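Numbering (my numbering), first residue to last: 2 to 96.
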Amino acid sequence: FVVLKQGAELPADATLAQAKSAGAVTINYGMFINSIINFLIIAFAIFMVIRWINKLKRHPEAPAAAPTTKECPYCLSTIAVKAVRCPHCTSELKA
């Protein structure tokens, strides 16, 4: 702590409780730093718990749907997968 305004007579190695009882005005930076560290630890713990819960909620990805179109090897146009002949260039396709 840092004494901003002296109260009654304080020894050089006074504790925070002694300074408060003597009426001194203090800045308690040690308590502030302690509060910040506690906040960061608790925030990190909550973050990890929420992250773990979100991983549990994730649904498995659906398998990719079978393709419904393919490319004609001759004219490179898009045609249906079940097509036997290309409607654009009329080439016969292997099934």
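The beta carbon of each residue, even a glycine, is placed where N, CA and C say it ideally should be. What you are looking at is a predicted structure, and each value in this text was computed from that prediction instead of being measured.
Q. In terms of residue numbering, what span does the beta strand (DSSP E) encompassing L57 cover?
A. Segment 30-58 is the alpha helix (DSSP H) holding L57; no beta strand (DSSP E) there.
Q: Within 10 angstroms of the Cβ of A20, are there 16 or more other Cβ atoms? Answer buried if so, exposed if not.
A: buried
Q.
Within a Cβ cutoff of 8 Å, which residues of the same chain sit near C76, ignoring the five residues on either side of it in sequence?
A. C87, H89, C90, S92
(Q) So the candidates are E10, A44, Y30, F33; which of them puts its Cα closest to the Cα of S22? (A) E10
**Q.** Element boundaries [alpha helix (DSSP H), containing L94]
**A.** Careful: L94 lies outside any alpha helix (DSSP H) and carries neither H nor E.
Q) Which one of K83, P61, V4 has the shortest CA to CA distance from K71? A) K83
Q) Quick one: what does DSSP say L1 is sitting in, helix, strand or coil? A) Past the boundaries of the shown model lies residue 1; the chain is included only from 2 to 96, so the question cannot be answered.
Q: Round the Cβ separation of I28 and L5 to the nearest angstrom and send it over; I've been treating them as touching at under 8 Å.
A: 6 Å
Q.
If I follow the unbroken alpha helix (DSSP H) through L77, where does it start and stop?
A. From DSSP, L77 is part of no alpha helix (DSSP H); its letter is neither H nor E.
Q: State the Cα-Cα distance for the pair T16 and A44, rounded to the nearest angstrom.
A: 31 Å
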